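Mapping to numbering that gives the first Met the number 0: the sequence shown position 528 is 527, numbers consecutive.
Yeah, the Cβ is synthetic: ideal placement off N, Cα and C, and Gly gets one too.
What you are looking at is a predicted structure, and each value in this text was computed from that prediction instead of being measured.
These notes concern the structure reproduced below.
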Amino acid sequence: MLTELRIRNFAIIEALALPLSRGFNVLSGETGAGKSIIVGALGLLLGERANADVIRTGCDRATVEGVFDVSDRPEIRALLDERGIEIEDADVVLKREVTAGRARAWINGTPVNAGILADIGRLLVNLHGQHEAQTLLDGEAQRRILDAFAGATEQAAAVRYAHEALHAIIREIVDLTKRRADAERRADYLRHVVKEIGDAKLIDGEDARLEDEARRLENAEELRSLASGIASGLDGEEETVLQKLAAIARHLTSIQRIDPTLARLQDSYDTAYYAIEALARELEEYEESIDLDPSRLDDVRRRRDLLFRLTKKYGGTLADVIRVGDDARAELELVDSAGLDIRELESREREARACLAAAAAELSARRRAGAERLARAVDEVLPELGMPDGHFTVSLEPTAEVRATGAEDVEFRVALNVGHEPRALSRVASGGELSRVMLAVTTILARLDHVPTLVFDEVDAGIGGRVGLQVGETMRRVAAYHQVFAISHLPQIAARAHHHILVSKGARGGVTTADVSVLSGEPRVAEIARMLGGDPERDVSRAHARELLESAEAAAVVVPPTDRAPERRPRRRA
């Protein structure tokens, strides 16, 4: 739960520390005092889009910090651990900072992006405002609510996955059918390509080898002459290099007799002599290998011309031509093999359709049972919220085919007056009625929802009198399972709270600011009297306020374990 909200330099707030407790917390104050600003700051903390406009006039940054007790939420601790965020005790501290240039976020002092902050925030707080009630008009939101209530979330996911699997197979069939049709239209051309390239019996790299061979054959006589001349100069009949080296050997022997330290020169001489001797032999062999073969030259030229024409026609390189031939062959094979492949895919499609139908049938069964139970449960709550003749139904309209969302459209319908048929919420409910229907559904889902803190921002708009009392009782009842934090103008609701906080507006340093104070005893009586519209100093106004507070205490509702702020422990600041 949220134990403390700290706000600094946010809109008109200079510095504010808002303490919260278990149970039902209510925030009241004059219009414009800053109540909705506090909810806006909480929304920013939970990952909503940051805007530099929220920075207080004259300041360079705004910060919002929330301290959450997650001692009874091991799944949140586990998720933080997966994200590499340390948690030493039961507290999680979320922090958001906005400057003119950027926004930053931390969880327990670890920098995170807004996405991670929002992921964690959604597990900690559900924020419901007047605009939030509009989500009840959205068919997708209605479907999610029904599936959550019916325990059909896994079945809905199974339908979605089965639908994706089916349509993946359908896409394969469409793609294969199209490719086969294209291949059939191009079959004659493809056969020509396969034959022309296949008959050439191409070998990758052959063009480079042919170029080398053609160059040797075209210059065969010159190559033989050059090789013969070099070989003769190295090891011929007279005045050759090897003969001169023999004379050098004799002189080298004489030097070594006089100076034995020059014996090492013999190794260098031997190496040079044997290397030249080997070079002479290789040149002689090369000369003999040169083939003066005009017919072979003609063959090489014809082959080289063929490769040139094919590369000009089918690709920039020989490898490209070979690849074109392979692709054409594979495309031709598609004409023969695609029929078998399509039949196999169609068999898989039938199996996938059967799986989707079975999954959708199971989901539909759960939805039908859940729709009846949800309708009965909401009908039981509507009279408590000032709609004694209200009747809520969940319509399940079958669709022409099973979609990713199931085999039916989900629509919430309501009849708020006797004798009227239930119709879609968007056609029946006013803003205040819609907010109360939303509160009724939230009440029903409260036991299923694992989010510890529910925030209601002025969902009491458009109601008053006894209906306000009933709404207050409902919120107090929800607070038995969740921490509830509500912004309200109604004394009937404020009186039902376990914990009452007053927001007041003043000025500091010539700049408007907002402050909070926790109310109990006579200050709370005075605030309830003010909310009733009377003079809080008059005895009759105070008596009416005390009566409201006493009736709340006497109401037979479930009270959470404690109605005071939890004991403070040292906490890490982000």
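Boundaries of the alpha helix (DSSP H) in which residue i is found, first to last residue
| i | result |
| --- | --- |
| K200 | That residue, K200, is in no alpha helix (DSSP H); it is neither H nor E in DSSP. |
| R249 | 240-257 |
| M530 | 520-530 |
| L547 | 538-553 |
| G138 | 138-149 |
| T176 | 152-184 |
| P490 | 490-493 |
| P293 | 293-313 |
| P578 | The requested residue 578 does not occur in the structure, where the chain is confined to residues 0 to 573. |
| R476 | 464-477 |
| G42 | 34-44 |
| I275 | 264-288 |
| R223 | 219-234 |
Distance CB(residue i)-CB(residue j) smaller than 8 Å
| i | j | result |
| --- | --- | --- |
| S35 | D456 | yes |
| A213 | L331 | no |
| A359 | V401 | yes |
| Y273 | A248 | no |
| L453 | N125 | yes |
| V483 | V502 | no |
| I84 | N107 | yes |
| G389 | L415 | yes |
| L433 | P490 | no |
| A403 | R159 | yes |
First through last residue of the beta strand (DSSP E) which encompasses residue i
| i | result |
| --- | --- |
| G65 | 60-68 |
| T452 | 452-456 |
| I486 | 482-486 |
| P110 | 109-111 |
| D408 | 405-414 |
| D90 | 90-98 |
| R103 | 102-106 |
Proximity test, Cβ basis, 8 Å: residue i and chain C
| i | result |
| --- | --- |
| S519 | Among the protein chains of the structure shown there is no chain C, as only one such chain exists. |
Residues near residue i in its chain [Cβ-Cβ closer than 8 Å; skip 5 each side]
| i | result |
| --- | --- |
| I12 | I6, G33, I36, I37, A40, R55, T512, A513 |
| N8 | A14, I54, R55, C58, R60, A61, T62 |
| Q265 | L251, Q255 |
| K177 | none |
| T310 | D206, T316, L317, D319, V320 |
| V193 | G324, A327, R328, L331 |
| V377 | F391, V436, A439, V440, I443 |
| R322 | G314 |
| V539 | G533 |
| G42 | L126 |
Sheet register partners of residue i (DSSP bridge)
| i | result |
| --- | --- |
| A513 | K504 |
| I54 | F9 |
| F391 | V413 |
| N24 | F484, H498 |
| P18 | E3 |
| N125 | L453 |
| L423 | Note that residue 423 is Ala in the sequence shown, not Leu. BP columns for A423 point to R412. |
| P397 | E407 |
| R402 | G405 |
Neighbourhood of residue i by C-beta, 7 Å cutoff - its chain only, sequence neighbours within 5 removed
| i | result |
| --- | --- |
| A423 | E410, R412 |
| L278 | L233 |
| D68 | M0, T2, A89, D90, P565 |
| F356 | The sequence shown places Ala at residue 356, not Phe. Here the set comprises V401. |
| A117 | L45, G46 |
| R302 | L209 |
| R76 | V69, I86 |
| G505 | T512, D514 |
Same chain, Cβ closer than 6 Å to residue i, five either side skipped, listed in chain order
| i | result |
| --- | --- |
| V380 | A439, T442 |
| V517 | I500 |
| Q154 | E361, L362, R365 |
| L541 | Residue 541 is actually Arg in this sequence, not Leu. Contacts found: V524, A528. |
| C354 | A161 |
| S425 | L136 |
| A99 | A51 |
Nearest-angstrom beta carbon gap, residue j and residue i [assumed within contact, 8 Å]
| i | j | result |
| --- | --- | --- |
| L123 | V417 | Not really, about 42 Å apart at Cβ, beyond 8 Å. |
| E574 | T473 | Residue 574 is absent from the model: the chain starts at 0 and stops at 573. |
| L333 | A182 | 5 Å |
| G467 | I486 | The pair is not a contact, with the Cβ atoms about 14 Å apart (cut-off 8 Å). |
| A226 | L282 | 5 Å |
| F148 | L344 | Rounded, the Cβ-Cβ distance is 39 Å, inconsistent with contact. |
| S574 | E521 | Residue coverage of the chain in this structure runs from 0 to 573, which leaves residue 574 outside it and unanswerable. |
| D298 | L175 | Actually they are not in contact, since the Cβ atoms of D298 and L175 sit about 45 Å apart, beyond 8 Å. |
| E420 | E407 | No, E420 and E407 are not in contact; Cβ-Cβ is about 20 Å, not under 8 Å. |
Any non-hydrogen atom of the ligand FMN within 7 Å of residue i CB
| i | result |
| --- | --- |
| A49 | Although the ligand FMN was asked about, the structure shown includes no ligands whatsoever. |
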